[in-house]
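Notes to accompany the following structure.
Numbering (the working numbering), first residue to last: 1340 to 1523.
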């Protein structure tokens, strides 16, 4: 574990053992310890520490600042910056086994019929659209209490894109717009 020490001139150095730290220099190994150590610092000291890093060799990407919004932000940003001093990456959580992929809601296999939660709006519209002759736009509007643009958007988005259904739009003999499912 890397241990950081800070001298009276606010220079921070990294060490691999406590015995290497010059006597009398405060030291810390975690962000929490750094926050505790710097709890009585004036906010301007954080700016001085940060600006001493800015443009330095391992800190090439850091830009000088005029102030920090608060102490917590200053501690967090300085802690992240000094990680560049560590000979090895900062200690991190143990690697976690990747999660098994699970099917996203509403997806179905190629041969299975797309499902919707029973009694849901999607289920009601699906039943209407799956009828033998399809369903008219007006019938869906009356059944669901929706406006025409809501029906069209629902069919295009929820049934078409999200569920992967091929929904055909056609005009009936009476000139009314209707929808029905087709094989995709």
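Ideal Cβ positions, reconstructed from N, Cα and C, are used throughout, including at glycine.
Treat the numbers as computed from the prediction; the structure is a model and nothing was measured.
Three-state secondary structure (DSSP) of residue i
| i | result |
| --- | --- |
| residue 1507 | strand |
| residue 1475 | strand |
| residue 1410 | helix |
| residue 1425 | coil |
| residue 1529 | Absent from the model: residue 1529. The displayed extent of the chain is 1340 to 1523, so no value can be given. |
| residue 1496 | helix |
| residue 1447 | The pLDDT assigned to residue 1447 is 49, lower than 50, so where the model puts this residue is not dependable; a value taken from the coordinates is nonetheless given after this. Coil. |
| residue 1439 | coil |
| residue 1389 | helix |
| residue 1359 | helix |
| residue 1376 | helix |
| residue 1420 | helix |
| residue 1466 | helix |
| residue 1460 | helix |
| residue 1402 | coil |
Short Cβ contact (8 Å threshold) for residue i with residue j
| i | j | result |
| --- | --- | --- |
| residue 1352 | residue 1385 | no |
| residue 1391 | residue 1349 | yes |
| residue 1498 | residue 1490 | no |
| residue 1482 | residue 1463 | yes |
| residue 1389 | residue 1417 | yes |
| residue 1361 | residue 1376 | no |
| residue 1475 | residue 1511 | yes |
| residue 1354 | residue 1344 | yes |
Selected residue, minimal CA-CA separation from residue i, among the options
| i | options | result |
| --- | --- | --- |
| residue 1374 | 1389, 1415, 1504, 1359 | 1415 |
| residue 1472 | 1515, 1461, 1460 | 1515 |
| residue 1521 | 1476, 1468, 1381, 1389 | 1468 |
| residue 1409 | 1423, 1382, 1421 | 1382 |
| residue 1407 | 1387, 1503, 1425, 1421 | 1387 |
| residue 1455 | 1501, 1517, 1470 | 1501 |
| residue 1421 | 1359, 1475, 1405, 1369 | 1369 |
| residue 1517 | 1487, 1503, 1496 | 1487 |
| residue 1561 | 1439, 1465, 1419, 1401 | Because the chain here runs from 1340 to 1523, residue 1561 falls outside it and cannot be looked at. |
| residue 1425 | 1479, 1461, 1356 | 1356 |
Paired residues, beta bridge with residue i - DSSP
| i | result |
| --- | --- |
| residue 1353 | 1343 |
| residue 1367 | 1343 |
| residue 1517 | 1475, 1509 |
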